[in-house]
Amino acid sequence: MHVAVYSTQPYDRRFLDAANTAGRHRLRYLELKLEASTAVTAAGAQAVCVFVNDRVDAEVLTRLASQGVRLVVLRCAGFNNVDLAAADRLGVSVARVPDYSPHAIAEHTVALMLALNRKTHRAYARVREGNFSLEGLLGFDMHGRSAGVVGTGKIGACVARILQGFGCSVLAFDPRPDQACLGAGVRYVPLPELLAASDIVTLHCPLTPQTRHLIDAAAIARMRRGAMLINTSRGAVIDTRAVIEGLKSGGIGSLGLDVYEEEADLFFRDLSAQVIQDDVFARLLTFPNVVVTAHQAFFTEDALTAIAETTIRNLSAFETGGRPLHPVSVERLA
Ligand code: NAD
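Below you can see the structure in the form of structure tokens.
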């Protein structure tokens, strides 16, 4: 199939080319983000391959469909950036990579927790400056603390297992509790109870209309004073402005983010020589107790290999059988 691949980074090209054995599919790499103004660049393609910040809304889908595009393959698990109802209406199939490596994201999540707890980000800079003082670097034992996992799908369940290995007591909130988590002693509680009882709150639910700004001022007010908040799911699951107020008041003790509501204008690019125009994001970067990574939780050899291989399999299955291997249907929104 002829595929227009958007938001391509050099590593995407490397892993996709390796998975596209014998050059079965014609992959046309574009650095552009897919949005209404760039949809015309899909001309001639039967499929588009997109990532987390490509915008696949009704307008884009209408333009794609009118040019003959019949398939959207996501190089990620989340599909909040695709208007599934519009795709359904237009007869465009949508596919994703459901579980390329939950370990990659779970391990990065825990890396953020450990860095924030033991202030590794500050210790690293300090020692390089010849400052060997420990003042201000005091952490806590993870052992015996309570951690609240919001969303125990593939990633959340993996985080829960790792935290249990540390000796944390793990609470969870998920409308569909996971049997393996229950069997392993994870205690499911309503969200307000989780927020009130957790020293660490970590978010692993998808971004949906129900989870947009799940962590807002009211939720922060329910949290334990000084608790750690981690978000490696999607930026808009937290209300960033409310979280900044929480950090200023000390309600939130520390914050680890791999995703940000407005990341589409920032992440996956080198902006180090430019002035950041997003004042909310710039404020986040001023806190000593905030660690932000630029949507890199998925970024391991293993995950990129699996993403590329599943993406190619989605394309091949659609080409031969008219249906991708891992379709995302409008029912998933229900
Ligand atoms: P998954 O579908 O396996 O699990 C999601 C879980 O969230 C499900 O168990 C679901 O029941 C639960 N859920 C749905 N609504 C909820 C709500 N209102 N409150 C609590 N839980 C709710 O997905 P996954 O593979 O574990 O991925 C989770 C999310 O992580 C993805 O949707 C994606 O946004 C994000 N993600 C981020 C990265 C990254 O690099 N930072 C990489 C992959 C995925």
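In my numbering, the protein residues as written are 1492 to 1825. We put the CB at the ideal spot given by N, CA and C, even for glycine.
Query, Result
"Beta-carbon separation (whole angstroms), Ser1592 vs Asp1793, contact threshold 8 Å", "5 Å"
"Beta-carbon spacing of Leu1662, Arg1636 below 8 Å", "no"
"Residues of its chain near Ala1687, where Cβ-Cβ distance is below 6 Å and the 5 sequence neighbours each way are ignored", "Arg1713"
"CB-CB length for Val1734 against Thr1693, believed under 8 Å", "About 14 Å; that fails the 8 Å criterion."
"Element boundaries [alpha helix (DSSP H), containing Ile1735]", "Thr1731 to Ser1740"
"Per-residue burial, Ala1825 [other beta carbons within 10 Å of its own, 16 or more giving buried]", "Reliability fails at Ala1825, whose pLDDT of 45 lies under 50, so the model's placement of it is uncertain and the value that follows must be treated cautiously. Classification of Ala1825: exposed, given that the 10 Å Cβ count is below 16."
"Beta-carbon contacts of Gly1867 that lie in its chain and below 6 Å, excluding the five residues immediately before and after", "No answer is possible for residue 1867: the residues shown for the chain start at 1492 and end at 1825."
"Strand pairing of Asn1722, partner residues [DSSP]", "Leu1694 and Leu1748"
"Where the alpha helix (DSSP H) containing Leu1523 begins and where it ends", "Segment: none, Leu1523 is in no alpha helix (DSSP H) and carries neither H nor E."
"Heavy atom of the ligand NAD within 7 Å of Gly1747 beta-carbon", "no"
"Unbroken stretches of the beta strand (DSSP E), 3 residues or longer, contained in the region 1767 to 1794", "1781 to 1783"
"Collapsed DSSP secondary structure at His1493 in the structure displayed", "strand"
"Contacting residues, own chain, Cβ-Cβ under 7 Å from Glu1550 (five flanking each side not counted)", "Ala1527"
"Distance CB(Ile1691)-CB(Ile1729) smaller than 8 Å", "no"
"Residue from Leu1575, Arg1716 and Arg1617 with nearest C-alpha to Val1547", "Leu1575"
"The ligand NAD heavy atom lying under 7 Å from the CB of Pro1666", "yes"
"For Gln1787 and His1516, the rounded distance between their alpha carbons", "27 Å"
"Coarse secondary structure for Tyr1615, derived from DSSP in three states", "helix"
"Helix, strand or coil at Leu1629 [DSSP, three-state]", "coil"
"Buried versus exposed call for Pro1501 [16 or more other C-beta atoms within 10 Å across all chains shown]", "exposed"
"Through-space distance from Leu1521 to Arg1495, alpha-carbon basis", "The displayed chain sequence assigns Ala, not Arg, to residue 1495. Their Cα atoms are separated by approximately 7 Å."
"Reduced DSSP secondary structure (H/G/I, E/B, other) of Gly1647", "helix"
"Boundaries (first-last residue) of the beta strand (DSSP E) holding Ala1586", "Ser1584 to Ala1586"
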